Amino acid sequence: MNILIALIPALGWGLNPLLISKLGGKPVNQTLGTGVGALIVGLIVQLAVRPSVDTGTFWLSALSGAFWVLGQIGQYTSYSRMGVSTTMPISTGLQLVGTSVIGVLMFGEWAGDGAKIVGFAAIVLMIIGVALTAVTDSPDGRNGLMSGLVILVPTTVGYWVYSALPKAVSASGTAIFFPQMLGMFLAAVLYALISGRGRAFKERTSWLNAFAGLIFGVSALAYIFSAKANGVATAYVITQVSVVISTLGGLLVLHETKSSRELRLTIIGLVLIVAGSVMTAFLG
667 MNILIALIPA LGWGLNPLLI SKLGGKPVNQ TLGTGVGALI VGLIVQLAVR PSVDTGTFWL
727 SALSGAFWVL GQIGQYTSYS RMGVSTTMPI STGLQLVGTS VIGVLMFGEW AGDGAKIVGF
787 AAIVLMIIGV ALTAVTDSPD GRNGLMSGLV ILVPTTVGYW VYSALPKAVS ASGTAIFFPQ
847 MLGMFLAAVL YALISGRGRA FKERTSWLNA FAGLIFGVSA LAYIFSAKAN GVATAYVITQ
907 VSVVISTLGG LLVLHETKSS RELRLTIIGL VLIVAGSVMT AFLG
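Residue numbers (our numbering): 667 to 950.
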């Protein structure tokens, strides 16, 4: 049963990019819909569990959720520019590298020289993996890649902050869950207003994308329970299956195309990214 719980976020986060792409709409519709769905799950959890959290932790957690939206905007925008099968391994690799470095520099993780050596070797593997998945042979592919990276790389900072802020507070995952989901919703609304797409609130695709938000919220909640039941390292490693699902799904379900050389390098890159994440997960 514990392993089944661990598979929920892996499947949910892996299938979500495919669902988002199938549902369609612009990044603002996708972001707004995701925020709505996530808030619904957050409200249900809050009403059912009623965890207590102090004001400072509440708003810090909400800020964390808001930064997640920044990362998600970059990811959604990149889907249309370079495809899910290229975006997801690059995005995942950048997230893993950034959060690992922040963990070492700000929170003293990887204590000891041996852990640091293994950890930074893992980072090198992930960087190589990202580079391999980004290889493209066609001029159009290279143009799309550069266009996607321009937005994906800087917005990944949002994911880094989303992962780092909860480490600065002493509260359970269920306690910070609702404020994070609330922060996601508020940031999504703000994005829609600032981008001049207020009509997105009335567009059908925004509400359809709420299903993706529901899946994200349930997956995030399942990860909290998985970490408690299986341990953080095991739960974290299993979630990395999501990048394999989303990447291969982009090719098989969304019919994105890669040359035989690109596909071979992408698979090798995925192996390196997952291997690097496994190495970092057990360093503590």
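Each residue gets a CB set at the ideal place from its N, CA and C atoms; glycine is no exception.
The structure presented is a predicted model; accordingly, all values stated were derived computationally and were not measured.
Applying the 10 Å Cβ sphere with the 16-neighbour rule, what's the burial state of residue i?
i, result
"L938", "buried"
"K924", "buried"
"P693", "buried"
"M772", "exposed"
"M914", "Note that residue 914 is Leu in the sequence shown here, rather than Met. Buried is the call here."
"V940", "buried"
"A834", "exposed"
"L859", "exposed"
"T721", "exposed"
"L856", "exposed"
"G780", "exposed"
"S912", "buried"
"L918", "exposed"
"S926", "exposed"
Short of 8 Å in beta carbon distance, which residues of its chain neighbour residue i, apart from the five on each side in sequence? Order them along the chain.
i, result
"P820", "G740"
"L685", "F877, A878 and I881"
"L848", "L705, G708, A728 and G731"
"F891", "I671"
"V813", "The sequence as given places Ser at residue 813; Val does not occur at that position. Excluding sequence neighbours, S813 sits near R747 and M748."
"K782", "V770 and W776"
"H921", "none"
"Q761", "G737, T822, Y825, W826 and S829"
In its own chain, which residues sit with a C-beta less than 6 Å from the C-beta of residue i, not counting the 5 before and 5 after it?
i, result
"N809", "none"
"W679", "S885 and S908"
"L689", "L874 and N875"
"N896", "N668 and A672"
"A947", "A899, Y902 and V903"
"A854", "T697, L698, G701 and V735"
"A866", "V694, N695, L698, A858 and S872"
Using CA atoms only, rank isn't needed, just tell me which of the options is closest to residue i.
i, options, result
"V796", "V909, L673 and I674", "V909"
"N695", "T758, A787 and E869", "E869"
"M667", "V763, E922 and A888", "A888"
"F972", "S804, G764 and L856", "Past the boundaries of the shown model lies residue 972; the chain is included only from 667 to 950, so the question cannot be answered."
"G839", "G935, T743 and K894", "K894"
"T752", "V784, G916 and F733", "G916"
Going by the beta-carbon positions, is the gap between residue i and residue j smaller than 8 Å?
i, j, result
"G699", "S872", "yes"
"T905", "A676", "yes"
"M792", "S943", "yes"
"S804", "V750", "no"
"I768", "A837", "no"
"V711", "P845", "no"
Could you name the residues of the same chain whose beta carbon sits closer than 7 Å to that of residue i, not counting the 5 residues immediately before and after it, in chain order?
i, result
"P832", "S727, S730 and I842"
"G737", "T821, T822, G824, Y825 and Y828"
"I756", "V796, T799, A800 and L818"
"N682", "A878, I881 and F882"
"S766", "G785, I789 and T946"
Given the structure, does residue i come close to the ligand SAM, in the sense that its CB is under 7 Å from one of the ligand's heavy atoms?
i, result
"I890", "Questions concerning the ligand SAM fall outside what the structure shown contains, since it holds no ligand whatsoever."
| query | Taking the runs of the alpha helix (DSSP H) that are 4 residues or longer, which of them lie wholly in the segment 886-911? | reply | Entirely contained in the segment 886-911, the alpha helix (DSSP H) runs reaching 4 residues are, in chain order, 898-905.
| said: Give the list of continuous alpha helix (DSSP H) stretches no shorter than 4 residues that lie fully inside the segment 727-811. | reply: The segment 727-811 contains these whole alpha helix (DSSP H) runs: 750-773 and 779-799.
| Whole runs of the alpha helix (DSSP H) within the segment 702-727, excluding any shorter than 4 residues | none
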